[in-house]
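Numbered according to the numbering used here, the sequence shown spans residues 185 to 353. Written below as structure tokens is the structure these notes are about.
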Amino acid sequence: MKKVSVFGILTIIVALVGCYKETTFDNTPAISFKSIKKEVRIDQFAGTKKDSVILTIKFQDGDGDLGLNEKERTTAETTSNYNYLIRLFRKKKGVFTEFIPAVPYSGYFPRLKADGKTGPIEGTLDYSMEFPHPFTPPKDSLKFQVIIKDRAGNVSNTAESDVIVLNEF
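Here you go:
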């Protein structure tokens with residue numbers, strides 16, 4: 185049986201640790217579309233059907249300053265300074281055109297790093313929206329464009345969703 189020296193093992197460990205490179209991202213958030221799904225539900229107040237849509241994006245941010253705490257959200261709400269911006273596009277006669285709803289679908293997401301430390305962060309972000317059938321045209325084809333903002337005001341690139349058909353039934 186061969187003997188392995190402690191020095192040899194330590195050398196291998198140091199070499200492996202020395203190869204590890206800390207992840208770095210730009211301080212401006214970067215996003216990409218991941219998925220979109222819907223579920224048909226019954227509105228508990230009106231008793232009518234609605235489509236609940238969940239849009240999922242992937243994100244990366246170099247300093248991790250994504251999301252708002254309650255105080256920051258309250259301040260942002262007074263000026264509609266959304267950190268999750270959505271543009272809707274409706275298909276009409278085969279062409280997608282922007283649809284501006286009476287009440288915006290843009291909104292807010294909470295802080296993603298609770299510890300308050302700066303540093304790279306990445307993951308996925310789910311955003312939910314509801315489309316009541318009485319107010320949604322039958323077989324309505326929509327797609328979404330998403331932008332997120334960090335607390336420093338840096339604006340991400342735009343991610344575009346796949347097409348989803350609402351009010352099918």
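The beta carbon of each residue, even a glycine, is placed where N, CA and C say it ideally should be.
Beta bridge counterpart(s) of residue i as assigned by DSSP
i	result
Thr-240	Ser-219 and Asp-310
Tyr-268	Gly-291 and Ile-332
Phe-229	DSSP, once it has assigned bridges, lists no residue as partnering Phe-229.
Endpoints, beta strand (DSSP E) assigned at residue i
i	result
Thr-258	Taken as a continuous stretch (DSSP letters only), Thr-258 belongs to no beta strand (DSSP E), being part of the alpha helix (DSSP H) at 254 to 262.
Ser-325	324 to 332
Glu-380	Here the chain covers residues 185 to 353 and nothing more, so residue 380 does not appear.
Secondary structure of residue i, DSSP reduced to three states
i	result
Pro-318	helix
Met-185	Unreliable placement is indicated for Met-185, whose pLDDT of 45 sits below 50; no coordinate value is reported for it.
Glu-352	coil
Val-224	strand
Ala-298	coil
Residues near residue i by beta carbon distance below 8 Å, same chain, minus five either side
i	result
Ile-220	Val-237, Ile-238, Leu-239, Thr-240, Phe-328, Ser-345, Asp-346 and Ile-348
Met-185	Because Met-185 carries a pLDDT of 45, less than 50, the predicted location of this residue cannot be relied on, and the following value inherits that uncertainty. Cβ neighbours of Met-185 beyond the five flanking positions: none.
Tyr-266	Ala-260, Pro-288, Ser-290, Gly-291, Tyr-292 and Lys-333
Tyr-311	Ile-238, Leu-239, Thr-240, Ile-241, Tyr-268, Ile-270, Gly-291, Phe-293 and Val-330
Lys-222	Asp-235, Ser-236, Val-237, Ile-238, Ile-348 and Leu-350
Cβ-Cβ separation, residue j to residue i (assumed contact under 8 Å), whole Å
i	j	result
Val-330	Ile-215	7 Å
Pro-304	Gly-248	6 Å
Phe-243	Leu-326	So it is not a contact: roughly 22 Å between Cβ atoms.
Own chain partners of residue i with C-beta closer than 6 Å, once the 5 adjacent residues on each side are dropped
i	result
Phe-319	none
Met-313	Val-237 and Tyr-289
7 Å CB neighbourhood of residue i in its chain, flanking five on each side removed
i	result
Lys-323	Val-349, Asn-351 and Glu-352
Asn-341	Ala-214 and Ile-215
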